[in-house]
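In UniProt numbering, the protein residues as written are 1 to 151. For each residue, glycine too, the CB sits at the ideal point set by N, CA and C. Every value quoted in this text rests on a predicted model; they were computed, and no experiment measured them.
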């Protein structure tokens, strides 16, 4: 006869049930040791396969005039269509990353097809000439994607 051990008080009702109905105890033990492990392995295999099915991002950079200040433009970098979602995006000015507090981010959002997108924006002066970059890094990429915008 197998006797269950309750490691916490909340498990006592299950212990009593298993002690009184040995077939239930054997079934649950078999389920946890066999079927549950089989399902966990199937899900792990599925996750591993999904990680191999990765998609690099499409990257776009554009600017439009600010609604609140006509002398400012809103420079936007968009990375879209990537999977998995651990992609990073930076806006740079003269190859120096802008501080996070000078940019707005949508955060990573889902697309309709199961891929993801990320958009970041920064205010730039309309009449100031400068070189800006969108830099996207992703584990599916051998090298970062860099798209340049000249104002």
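Quiz item: Span of the alpha helix (DSSP H) holding residue 25?
Solution: 22 to 30
Practice problem: Pull up the CB-CB distance for residue 81 and residue 55, whole angstroms please, since I reckon it's below 8 Å. | Solution: 6 Å
Quiz item: residue 143 to residue 77, Cα distance in whole Å?
Solution: 18 Å
Practice problem: List in chain order: all unbroken beta strand (DSSP E) runs of 3+ residues lying wholly within the region 14 to 97. | Solution: 58 to 65, 72 to 82 and 88 to 93
Quiz item: For residue 133 versus residue 146, is the C-beta distance shorter than 8 Å?
Solution: yes
Practice problem: Pull up the distance between the alpha-carbon of residue 33 and that of residue 114, whole angstroms please. | Solution: 34 Å
Self-check item: Straight-line Cα distance separating residue 73 from residue 126
Solution: 6 Å
Quiz item: Per the contact definition of three or more C-beta pairs closer than 8 Å, is the region 33 to 42 in contact with the region 99 to 111?
Solution: no
Quiz prompt | Three-state secondary structure (DSSP) of residue 11 | solution = helix
Practice problem: Verify whether the separation of the beta carbon atoms of residue 85 and residue 108 is less than 8 Å. | Solution: yes
Exercise. Using alpha carbons as the reference points, say which of 41, 100 and 50 lies closest to residue 83.
Key: 50
Quiz prompt | Beta-carbon proximity check, residue 168 vs residue 79, cutoff 8 Å | solution = No statement about residue 168 is possible, as the shown extent of the chain runs from 1 to 151 and does not include it.
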